[in-house]
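If you're matching positions, the sequence shown starts at 563 in this note's numbering and goes up one per residue. For reference, the structure discussed in these notes is given below.
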Amino acid sequence: TRKIIIDCDPGIDDTLALNLAIQSPAVEVVALTIVCGNVPVQIGVDNAFKCLERLGRLDIPVYVGADQPLYKPFVSAQDTHGMDGLGDSHIPRQSTTQPAQQSAADFLAATFSQPSDISIIALGPLTNIASALQKNPDLGRHCARFVSMGGTYKSHGNCSPVAEFNYWSDPDAALAVYEQLDQTIEMIGLDVTREIVFTPTMLAYCQRVNPEVGDYLKAITQFYFDFHWQYEHIIGCVINDPLAVAYFIDPTLCRGFESYTTVETTGISIGQTLVDRFDFWHRPANSLILTEVDTTRFFEQFLTVVLNAQATLIKT
Ligand code: BDR
Ligand code: CA
563 TRKIIIDCDP
573 GIDDTLALNL
583 AIQSPAVEVV
593 ALTIVCGNVP
603 VQIGVDNAFK
613 CLERLGRLDI
623 PVYVGADQPL
633 YKPFVSAQDT
643 HGMDGLGDSH
653 IPRQSTTQPA
663 QQSAADFLAA
673 TFSQPSDISI
683 IALGPLTNIA
693 SALQKNPDLG
703 RHCARFVSMG
713 GTYKSHGNCS
723 PVAEFNYWSD
733 PDAALAVYEQ
743 LDQTIEMIGL
753 DVTREIVFTP
763 TMLAYCQRVN
773 PEVGDYLKAI
783 TQFYFDFHWQ
793 YEHIIGCVIN
803 DPLAVAYFID
813 PTLCRGFESY
823 TTVETTGISI
833 GQTLVDRFDF
843 WHRPANSLIL
853 TEVDTTRFFE
863 QFLTVVLNAQ
873 ATLIKT
């Protein structure tokens with residue numbers, strides 16, 4: 563079992579990713595660190611606890627992170643995820659468990675003060691990681707693997723023509739991480755996540771196989787379905803974050819190439835990932851850009867774990 567810390571901004575698809583990671587026998591979730599992104603950080607913390615209590619895993623510590631990006635003003639994605647960040651499902655929070663005292667950045671900096679077998683999966687803007695890196699420049703070298711959901715190579719952006727939300731949200735943090743992490747950033751960007759469309763047929767399948775989980779998935783994804791129909795005329799919703807977890811568990815799910823990558827922090831291309839695939843800039847590779855994904859095998863892994871039932875019948 564490999565150990566992971568998940569840095570996230572829950573968020574509908576973050577919550578799906580947490581459901582996968584926490585229930586997968588292949589990984590042990592050591593801690594959650596929360597960052598502002600889809601929702602203000604306190605709502606993200608509440609949603610993390612809602613997920614942990616539903617799974618009976620309140621033993622996993624939650625660390626509160628940044629309530630705003632490094633420099634840019636905070637802009638949430640509540641139009642996409644609902645005011646409550648869970649598709650306006652208004653699932654109540656029952657427990658009174660408190661987050662840890664230490665800040666997310668201090669926790670991350672301390673955890674990686676020496677070489678560690680723990681990996682980081684970042685599912686939100688990279689503010690917490692950048693802040694931890696300022697405190698501990700060895701963080702990247704000391705973590706086992708670093709996977710980031712964010713950015714885009716060839717695919718269109720999702721909050722500007724060229725920028726993906728997590729890196730657009732805090733481009734200065736994303737730049738700092740790409741320039742200073744000193745560890746290969748395994749980038750699960752929109753090129754691969756756009757392929758991961760959770761459809762009404764899959765939802766119906768979930769409700770048949772495991773009605774309790776199916777109803778829960780319906781409650782949190784309905785809003786996301788409506789959003790995708792309204793803005794992109796897609797039947798279904800793109801669930802980005804679970805792919806980062808599934809890929810961490812099984813790297814054969816995605817393929818890509820190594821490259822030097824950096825992030826634009828100003829102007830109309832703010833947040834864009836610049837992927838120097840053909841080495842114009844002669845800089846050492848700092849990233850593995852994933853561009854191809856086996857969606858059928860993703861859904862088999864995801865649904866088998868989340869539904870707690872072998873899901874082999876899924877054809878996308
Ligand atoms: C990313 O942005 C957020 O809205 C999602 O949770 C995901 O992490 C996709 O661009
Ligand atoms: Ca996210």
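In this text, a Cβ means the ideal position worked out from N, Cα and C, and glycines have one as well.
Run the proximity test for residue i: is its beta-carbon closer than 7 Å to any non-hydrogen atom belonging to ligand 1?
i: N600; result: yes
i: T642; result: yes
i: N609; result: no
i: N581; result: no
i: L852; result: no
i: N870; result: no
i: E757; result: no
i: A671; result: no
i: A639; result: yes
By alpha-carbon positions, which one of the options ends up nearest to residue i?
i: Y633; options: R845, T827, F864; result: T827
i: S849; options: S731, M645, I750, R616; result: I750
i: L836; options: L737, R616, C768, G776; result: L737
i: S657; options: T689, F864, D608; result: D608
i: E774; options: L869, A735, Y822, I566; result: L869
i: A844; options: A662, S821, E862; result: Residue 844 is actually His in this sequence, not Ala. Taking only the C-alpha atoms, the option nearest H844 is S821.
i: P860; options: I832, A847, D803, R839; result: The sequence given here has Phe at residue 860, not Pro. It is D803.
i: E748; options: E741, F760, S710; result: S710
i: P762; options: Q784, L743, D744; result: Q784
i: D569; options: Q664, C598, Y809; result: C598
i: S651; options: G573, A692, D668, P687; result: G573
i: C613; options: P654, Q769, V603; result: P654
i: L688; options: S678, L578, G713; result: G713
i: F708; options: P631, A806, G829, F669; result: A806
Would you check whether ligand 2 has a heavy atom nearer than 7 Å to the C-beta of residue i?
i: D576; result: yes
i: C799; result: no
i: G573; result: yes
i: D803; result: yes
i: C570; result: yes
i: G627; result: no
i: L688; result: no
How long is the line joining the alpha carbons of residue i and residue j, rounded to whole angstroms?
i: Q872; j: K697; result: 44 Å
i: L582; j: S638; result: 24 Å
i: G647; j: V589; result: 25 Å
i: T878; j: V592; result: Residue placement at T878 is poorly supported in this model, since its pLDDT is 45, which falls under 50; the coordinates are not used for a value here.
i: A558; j: I680; result: Residue 558 is absent from the structure shown; the chain starts at 563 and stops at 878.
i: G644; j: P623; result: 25 Å
i: D753; j: L852; result: 8 Å
i: P733; j: A666; result: 19 Å
i: Q834; j: F864; result: 29 Å
i: Q640; j: H795; result: 19 Å
i: K780; j: F840; result: 43 Å
i: D575; j: I566; result: 18 Å
i: D777; j: A579; result: 17 Å
i: G649; j: C799; result: 12 Å
i: H755; j: I801; result: Correcting the residue identity first, residue 755 is Thr in this sequence and not His. Whole-angstrom Cα-Cα distance: 7 Å.
i: T858; j: A671; result: 37 Å
Is it the case that the CB of residue i approaches a heavy atom of ligand 4 more closely than 7 Å?
i: L685; result: With respect to ligand 4, the structure offers nothing, as its ligand set consists of ligand 1 and ligand 2.
**OP:** Give, in chain order, every unbroken run of the beta strand (DSSP E) that is at least 3 residues long and sits entirely within the region 772–830.
**Re:** Runs found: 816–825.
Subject >> Continuous beta strand (DSSP E) assignments of at least 3 residues falling wholly in the region 572–646 >> reply: Correct list: 589–596, 624–626.
**OP:** Within the region 646–707, note down every full beta strand (DSSP E) run reaching 3 residues or more, in order along the chain.
**Re:** 680–684
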